[in-house]
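Residue numbers (the working numbering), protein chains in the order written: chain H, 335 to 661; chain G, 335 to 661.
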């Protein structure tokens, strides 16, 4: 038996419409709250959109659950951000074209400064998809100097390097006080070998792509021990028709297995007692917020992950896990 | 108009049965001869199998075409290799489990020595899938010391590093006189970015996986200028059901586009006059053999590559090429 106090998923994609209805209950079942990414079509860039999307999520969740909303980064005025401030936990920046529905993202990183200055002033964190446009295995490393430049230029701006995948990314946490990172479940479990080392696995394809074994080792070390690294699943559902296709979309739907698989991993690493910090405490400290009170209980009980949930193949589908969310 | 004298594809997978019937004519149409890989189920390990497979290929080709047969590497006796010698151009070695139907390959590289000694003595070249079992991006580099050890231990054994993908692999050609390399079309055109940098592309998934831009640059330089680098397409058909699937098979079916796409690339690189060397002359020198006499003519004429050929999606399917094989 394992009781988690207000577990938080600090990075989720809940989509819209039917997909939202399908996936939101899975996140709501395991987490007291979750940071909801704004990369819809069109992206969420106004307070009105935030409020409308938030309502849709609460309705779809079907149980007590707090969506922590975000704005899609663009150049915002102070008035816009002041209006949004009470409704969002941060602003998510996508370099243009890097992942699903990020075509509207920022192409010129230097143009971010005026908006970042306002965010710093309002205490509004920056969440960043930290990848440049170079060779796929180098993209995160090549983007880190941009993050570091911002961190130095805006020392009170909290910056969260989302879904960190490299040892170099983890190392940045120690160089800049105001840089934090989310770590996904799947990047703790797989490397590029799992994706393309044997047969090619579209259901393990995500952005940023899984990296090298030594990168995964650094992520595991951070998940267990780094006070500025916390859980964000990047759960990202796509219908099977978009995965097993000539052009396979990037994203892994991990919401249904996130806590059980994390419990199994932390247990395997002899660190089950640190799971609470990873899935809740460190995120509270980083964002300086008090999450809604809720206990989530896991039991040591075998269950088999469904191979399909509607049109979506969940992560670890068909596999048997030895921890189960029971309440 | 471009006339190639006895173009050779020094690395093809022609499969068996219906697939053989489908693909063999495409190779036969463009090439005077081709080196046929022995990784069938079961692998080709006896002279009887070689002769039977050769007959099936000639029948499937439906036009004048010379299959250059290979044995699948195992520990062979001198008597076995003496019997096979008149029927094969070399012996192909697969480290166990590295690619399609290579489960029967060699697990312990040191056990190869006695057979390699006989091959050296009989003048029978070694063709090697040069990958170890480590992280997918490092496998070729990690296997090169094995190749180099063999090259030093058996200085008269000609060794062909098949489908070389890295700058490190190309560099080995300059260190050991008796090491040669085939270069595929697709490794001259794509990098890992094309496979997983945007959407994931199962039809560009192959083994060894495409590598970094600087590796591709080294391959292009070798294709244009290195006297020991020659063309081997590694054309490897899989039905679409095995490509657009939860576990996508490795292989690119390039036979229908090989010469036109090579002509376009060499032309783009200002080296059309070196295509003859790459697709024929250097291979003749490396293997010390005289290919059947045949001219293959390409014309500057636009054509669109079919999106499907039976159950197979050909490389560059749907794209328009500006060179066409006309006779």
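Yeah, the Cβ is synthetic: ideal placement off N, Cα and C, and Gly gets one too.
From a predicted model like this one, the values you see are computed outputs, not experimental measurements.
Just to confirm, is the Cβ distance from residue i to residue j under 8 angstroms?
i             : j             : result
residue 520/G : residue 423/G : no
residue 641/G : residue 651/G : yes
residue 574/G : residue 645/G : yes
residue 394/G : residue 364/G : no
residue 536/H : residue 578/H : yes
residue 348/G : residue 370/G : yes
residue 655/H : residue 595/H : yes
residue 495/G : residue 522/G : no
residue 417/G : residue 381/G : yes
residue 544/G : residue 526/G : yes
residue 593/H : residue 558/H : no
residue 566/G : residue 638/G : no
Using a beta-carbon distance below 8 angstroms, is residue i in contact with chain H?
i             : result
residue 549/G : no
residue 309/G : Residue numbering for chain G in the displayed model covers 335 to 661; residue 309/G lies beyond these limits and cannot be assessed.
residue 533/G : yes
residue 399/G : no
residue 443/G : no
residue 469/G : yes
Verify the CB distance criterion: does residue i have a CB-CB separation below 8 angstroms to chain G?
i             : result
residue 526/H : yes
residue 543/H : yes
residue 552/H : no
residue 579/H : yes
residue 546/H : yes
residue 537/H : yes
residue 570/H : no
residue 583/H : yes
residue 530/H : yes
Going along the chain, which residues of its own chain have a beta-carbon closer than 7 angstroms to the beta-carbon of residue i, five neighbours each way excluded?
i             : result
residue 465/H : 429, 432, 473, 474, 477, 542
residue 450/G : 460, 484, 488, 491
residue 539/G : 529, 582, 584
residue 337/H : 629, 631
residue 627/G : 340
residue 372/G : 378, 404, 405, 406, 426
residue 634/G : 656, 657
residue 643/G : 356, 590
residue 454/H : 488, 490, 491
residue 335/H : 631, 633
residue 598/G : 655, 656, 657
Rounded to a whole number of angstroms, what is the C-alpha to C-alpha distance between residue i and residue j?
i             : j             : result
residue 482/H : residue 556/G : 40 angstroms
residue 606/H : residue 405/H : 34 angstroms
residue 411/H : residue 447/H : 12 angstroms
residue 617/G : residue 584/H : 41 angstroms
residue 419/G : residue 456/G : 8 angstroms
residue 562/G : residue 516/H : 49 angstroms
residue 479/G : residue 510/G : 11 angstroms
residue 611/G : residue 564/G : 8 angstroms
residue 507/H : residue 442/G : 43 angstroms
residue 568/H : residue 498/H : 11 angstroms
residue 366/H : residue 397/H : 10 angstroms
residue 383/H : residue 426/H : 15 angstroms
residue 452/H : residue 413/H : 10 angstroms
residue 353/H : residue 361/H : 13 angstroms
residue 648/H : residue 546/G : 31 angstroms
residue 351/H : residue 408/H : 24 angstroms
residue 358/G : residue 571/G : 11 angstroms
residue 486/G : residue 580/G : 43 angstroms
residue 462/H : residue 533/H : 32 angstroms
residue 622/G : residue 524/G : 31 angstroms
Excluding five sequence neighbours on each side, which residues of the same chain lie with their C-beta closer than 6 angstroms to the C-beta of residue i?
i             : result
residue 492/G : 459, 512
residue 600/G : 606, 609
residue 388/H : 401, 403
residue 620/H : 514
residue 415/G : 452, 456
residue 399/G : 362
With a threshold of 8 angstroms between beta-carbons, can residue i be considered close to chain C, or not?
i             : result
residue 481/G : The question asks about chain C, but that chain is absent: this structure's protein chains are H and G.
Using 8 angstroms for Cβ pairs, my map puts residue i next to residue j. What's the rounded Cβ distance?
i             : j             : result
residue 659/G : residue 632/G : 6 angstroms
residue 531/H : residue 470/G : 4 angstroms
residue 501/H : residue 444/H : Rounded, the Cβ-Cβ distance is 27 angstroms, inconsistent with contact.
residue 385/H : residue 345/H : Wrong, their Cβ atoms sit about 21 angstroms apart, outside the cutoff.
Cβ of residue i versus every heavy atom of the ligand GDP: is any distance shorter than 7 angstroms?
i             : result
residue 408/G : As for the ligand GDP, it is missing from this structure, which has no ligand bound.
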